[in-house]
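J.: What follows is a structure written as structure tokens; I'll ask about it next.
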Amino acid sequence: MKNRALPPLGWFRVFESAARLLSFTAAADELGLTQSAVSQQIRALEERFGCALFIRKPRGIALTDDGRRLLPGVTDGIANLRAAADAFEPATDPELLTVATSVSIAQWFLAPRLKDFLNQNSQVRVRIITAVWPDEFIASTADVRIRFCPAEAAGKNSKALGSNRIALFGSPGDSSKPTKQHNVAELMNEPLIQPVGTADTWTKFAQGADLPVEKQIDTYVDSHGLAVDFAQSGSGMALTSMLIAAPSVLAKKLKLLHQHTMPAKDGYFIDTGSHRENDVAKLFVQWLQEQANTAESDAYERV
Numbered sequence: 572m573k574n575r576a577l578p579p580l581g582w583f584r585v586f587e588s589a590a591r592l593l594s595f596t597a598a599a600d601e602l603g604l605t606q607s608a609v610s611q612q613i614r615a616l617e618e619r620f621g622c623a624l625f626i627r628k629p630r631g632i633a634l635t636d637d638g639r640r641l642l643p644g645v646t647d648g649i650a651n652l653r654a655a656a657d658a659f660e661p662a663t664d665p666e667l668l669t670v671a672t673s674v675s676i677a678q679w680f681l682a683p684r685l686k687d688f689l690n691q692n693s694q695v696r697v698r699i700i701t702a703v704w705p706d707e708f709i710a711s712t713a714d715v716r717i718r719f720c721p722a723e724a725a726g727k728n729s730k731a732l733g734s735n736r737i738a739l740f741g742s743p744g745d746s747s748k749p750t751k752q753h754n755v756a757e758l759m760n761e762p763l764i765q766p767v768g769t770a771d772t773w774t775k776f777a778q779g780a781d782l783p784v785e786k787q788i789d790t791y792v793d794s795h796g797l798a799v800d801f802a803q804s805g806s807g808m809a810l811t812s813m814l815i816a817a818p819s820v821l822a823k824k825l826k827l828l829h830q831h832t833m834p835a836k837d838g839y840f841i842d843t844g845s846h847r848e849n850d851v852a853k854l855f856v857q858w859l860q861e862q863a864n865t866a867e868s869d870a871y872e873r874v
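Going by our numbering, the first residue of the sequence shown is number 572, and it counts up by one from there.
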């Protein structure tokens, strides 16, 4: 018999917090999530196990018999993981800033700019940790987290990084200027590249841009960074993040192909880990937001 994959660790962490505090709201505050995100993850765990873990009351929650049966194992498991991790954690260093982020942000946004922050703050050292799935960020002990997720899942203390808008990009040879109605046919001949897992589709973008909605997606990639890589190599046009594309636009390796832009349902959000907020982290978040706003302004000021 095949072993079933375990539910995500983040679901167990949310369950443990809610069970200990007997409040979805308090668990959300403790974990830096929205109450909606906590409720969704609890419901997902209940659906996975096929039983109710909490009794929802008008003025709070209570554990069911199944919830009480699950809690000791989850509590012990999390305690064991913490003990194992503590053995590898370096001593606390207020001048070492740990940043957990996606590969796309690390490669396309941080790498070209981090030297500027370090030059301004010579006493600070930075450790970058890249992660792919949202649950990795939930469990992260980083000082600063940059997550790609829907706004409602980002957490109430999170701040947007940049405009969180998407647009259509291609290599400079694709067009001499932003596309208008007279060369739509030429644009539609280009292969279309789109990141997998984004809630925003070509259909929605095309409707706003007055482009044919029946255009097929030729290449799916798993991040906005890869979409930029493929587009600037001439593999087609990418419907991707304006923030991630900005460095390539400024370097004239990528061009905005259409004047229409669209707010993305899934975007990049920053927060400082509620357990380790410090002055350096706050300074870094402020610098990040300034850099994001400047990058997009410089890249798209004529749009």
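Where a beta carbon is used, it is the ideal one built from N, C-alpha and C, also for glycine.
Since this is a predicted model, take the numbers as computed values, not measurements.
Quick one: measure Cβ to Cβ for L814 and E867, integer angstroms, because I've assumed they're closer than 8 angstroms.
T.: On the sequence shown, residue 814 is found 243 positions in, with the first residue counted as 1. On the sequence shown, residue 867 is found 296 positions in, with the first residue counted as 1. Contact flag correct, Cβ pair sits at about 6 angstroms.
J.: Taking the alpha-carbon of L758 as reference, which of L821, V645 and L828 has the nearest alpha-carbon?
T.: Residue 758 sits at position 187 when you count from the first residue of the sequence shown. Comparing Cα positions, the closest option is L828.
J.: Could you name the residues of the same chain whose beta carbon sits closer than 6 angstroms to that of S607, not counting the 5 residues immediately before and after it, in chain order?
T.: Working through the sequence shown from its first residue, we reach residue 607 at position 36. The answer, listed in chain order, is E723.
J.: With a threshold of 16 other CB atoms inside 10 Å of the CB of S613, please say whether the residue is buried or exposed.
T.: On the sequence shown, position 42 is the one that residue 613 refers to. Checking the sequence shown, residue 613 turns out to be Ile, not Ser. Classification for I613: buried.
J.: Can you name the residues that DSSP bridges to D842?
T.: Locating residue 842 in the sequence shown gives position 271, counting from the first residue. DSSP, once it has assigned bridges, lists R716 as partnering D842.
J.: Find out if the Cβ-Cβ distance for the pair W679, V799 is shorter than 8 angstroms.
T.: Here residue 679 corresponds to residue number 108 of the sequence shown, with the count starting at 1. Here residue 799 corresponds to residue number 228 of the sequence shown, with the count starting at 1. Their beta carbons are under 8 angstroms apart, which means W679 touches V799 by this criterion.
J.: Along the chain, where does the beta strand (DSSP E) containing I764 start, and where does it finish?
T.: In the sequence shown, counting from the first residue as 1, residue 764 sits at position 193. Here the beta strand (DSSP E) through I764 covers L763 to P766.
J.: Can you tell me whether A809 is helix, strand or coil according to DSSP?
T.: Translated into positions along the sequence shown, residue 809 becomes position 238. Three-state DSSP puts A809 in a strand.
J.: Report the rounded CA-to-CA distance for F625 versus T635, giving the unit in angstroms.
T.: One-based indexing of the sequence shown puts residue 625 at position 54. One-based indexing of the sequence shown puts residue 635 at position 64. Going from the Cα of F625 to the Cα of T635 covers about 5 angstroms.
J.: Is DSSP giving I701 helix, strand or coil here?
T.: Translated into positions along the sequence shown, residue 701 becomes position 130. Rather than Ile, the amino acid found at residue 701 in this sequence is Thr. In the structure shown, T701 sits in a strand (DSSP, three-state: E or B).
J.: Let me check one thing: in DSSP terms, what residues is A738 bridge-paired to?
T.: For the purposes of this step, residue 738 is identified with residue 167 of the sequence shown, where counting begins at 1. BP columns for A738 point to T811.
J.: Please name the residue or residues paired with P721 in a DSSP beta bridge.
T.: Taking the sequence shown and counting its residues from 1, the one referred to as residue 721 is at position 150. Answer is D837, bridged to P721.
J.: What would DSSP say about T635, mapped onto helix, strand or coil?
T.: By 1-based counting over the sequence shown, the position of residue 635 is 64. Note: T635 maps to coil in three-state DSSP.
J.: Which partner residues of F625 appear in the DSSP bridge assignment?
T.: In the sequence shown, residue 625 corresponds to position 54, counting from 1. In the DSSP output, where bridge partners are listed per residue, F625 has L634.
J.: So which of A835, D869, V609 and R696 has the shortest CA-CA distance to C720?
T.: What you label residue 720 is simply residue 149 of the sequence shown in a count that begins at 1. The option with the nearest alpha carbon to C720 is A835.
J.: Could you name the residues of the same chain whose beta carbon sits closer than 6 angstroms to that of R591, not counting the 5 residues immediately before and after it, in chain order?
T.: Along the sequence shown, one-based indexing puts residue 591 at 20. The answer is none, since no qualifying residue turns up.
J.: Please report the straight-line C-alpha distance between A597 and L681, rounded to a whole angstrom.
T.: The sequence position of residue 597 within the sequence shown is 26, counting from 1. The sequence position of residue 681 within the sequence shown is 110, counting from 1. Taking the straight line from one Cα to the other gives about 33 angstroms.
J.: Only counting the same chain, and skipping five residues up and downstream in sequence, which positions put a Cβ closer than 7 angstroms to that of Y791?
T.: What you label residue 791 is simply residue 220 of the sequence shown in a count that begins at 1. Answer for Y791: Q765 and V767, listed in chain order.
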